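Beneath this line is the structure, given in structure tokens, with notes to follow.
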Amino acid sequence: KQEVTQIPAALSVPEGENLVLNCSFTDSAIYNLQWFRQDPGKGLTSLLLIQSSQREQTSGRLNASLDKSSGRSTLYIAASQPGDSATYLCAVRPGGGADGLTFGKGTHLIIQP
Amino acid sequence: DAGVIQSPRHEVTEMGQEVTLRCKPISGHNSLFWYRQTMMRGLELLIYFNNNVPIDDSGMPEDRFSAKMPNASFSTLKIQPSEPRDSAVYFCASKRTSAYTDTQYFGPGTRLTVL
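If you're matching them up, the sequences are chains A and B in order. Using my numbering, the letters of the first sequence correspond one by one to residues 1 to 113. Using my numbering, the letters of the second sequence correspond one by one to residues 1001 to 1115.
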């Protein structure tokens, strides 16, 4: 059974810092990996999706990398802003045609003004 | 375009009562997912449908839970009878099956409290 772990569980940093969120998964037979953002009391918003054949994806100040063989992904946030404060969730879609996502428990990020 | 719509947003009920959660996916999306989020277990997949057909319900906790998708624009998740341990936020998500995108779009969730 796929297990997804996110480290750290919580992180608080001053505004302007670059930071890295980590995600690891136990079964490397994945179809893709996605990073989501969740704001309090709201649903999830997709940030980046990396196909299993890709190494990284970038969107603005966000960069996600994938090392499928080692079961790891990182989300890099450059020049953090208070508006980046949220919970960041990593999710993997399995290979073999299955479609549901397996999520990590998230990293709760606070950017101090 | 409207996003995924869920109702109600909040539900408080007493143990033993029937609860029905509703979801309207984004128009044109042909896959629909139900997830449950708790502090202890995080987000877990309960069931998903492709073209209104249930594909994988292995995440449904027990027979008290059932889900239907009578048409492409509506799905329900029913709990009967409800128990306090069912208290959680229930999310519905949808996506369009495509070679170019695989992003799931989530609704705002229904916060269920069973007393």
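Glycine included, every Cβ here is placed at the ideal spot set by N, Cα and C. Because the structure is a prediction, the values reported are computed rather than measured.
Q | Every unbroken beta strand (DSSP E) within the segment 1030–1071 of chain B, with a cutoff of 3 residues, ordered by chain | A | 1031–1038, 1042–1050, 1053–1056 and 1065–1071
(Q) Could you tell me the alpha carbon to alpha carbon distance between Glu1044/B and Gln6/A, rounded to whole angstroms? (A) 15 Å
(Q) Which residue wins for smallest C-alpha separation from Leu47/A, given the options Val4/A, Asp67/A, Leu75/A and Val20/A? (A) Leu75/A
Q: Identify which residue in Glu1062/B, Tyr1105/B and Ser1082/B has its Cα closest to the Cα of Glu1014/B.
A: Ser1082/B
Q: Note down the Cα distance separating Val92/A from Pro113/A, rounded to an integer number of angstroms.
A: 32 Å
Q. Is Leu44/A near Leu109/A, with beta carbons less than 8 Å apart?
A. no
Q) Exposed or buried, what is Pro82/A when buried is set at 16 or more other beta-carbons lying within 10 Å of its beta-carbon? A) exposed
Q: Could you round the C-beta distance between Lys105/A and Gly1042/B to whole angstroms and report it? I think they count as a contact, below 8 Å.
A: 4 Å
Q.
Need the endpoints of the beta strand (DSSP E) that Ala64/A sits in, please.
A. Leu62 to Asp67
Q.
Assuming Val4/A is part of the beta strand (DSSP E), what are its boundary residues?
A. Val4 to Ile7
Q. Excluding sequence positions up to five away, which residues of its chain have a Cβ less than 6 Å from the Cβ of Leu33/A?
A. Ile50, Leu66, Ser73 and Val92
Q: Report the three-state DSSP secondary structure of Arg1085/B (helix, strand or coil).
A: helix
Q: Give the range of the beta strand (DSSP E) segment to which Ala10/A is assigned.
A: Ala10 to Pro14
Q: Identify every residue that forms a DSSP beta bridge with Ile111/A.
A: Val13/A
Q) Whose CA, out of Gln54/A, Gly100/A and Lys42/A, lies closest to the CA of Asp1057/B? A) Gly100/A
**Q.** Glu56/A: first and last residue of the uninterrupted beta strand (DSSP E) it sits in
**A.** Glu56 to Ser59
**Q.** Any chain A beta carbon closer than 8 Å to Ser1031/B
**A.** yes
Q) Cα separation between Glu15/A and Ala86/A? A) 14 Å
Q: Assign Leu1021/B to buried or exposed, taking buried as 16 or more other Cβ atoms, counted over all protein chains shown, within 10 Å of its Cβ.
A: buried
Q.
Out of Ser1066/B, Gly1109/B and Gln1037/B, which one is the CA nearest neighbour of Ile1047/B?
A. Ser1066/B
Q. With C-beta atoms as the reference, is Ala64/A less than 8 Å away from Asn18/A?
A. no
Q. In terms of residue numbering, what span does the beta strand (DSSP E) encompassing Leu44/A cover?
A. Leu44 to Gln51
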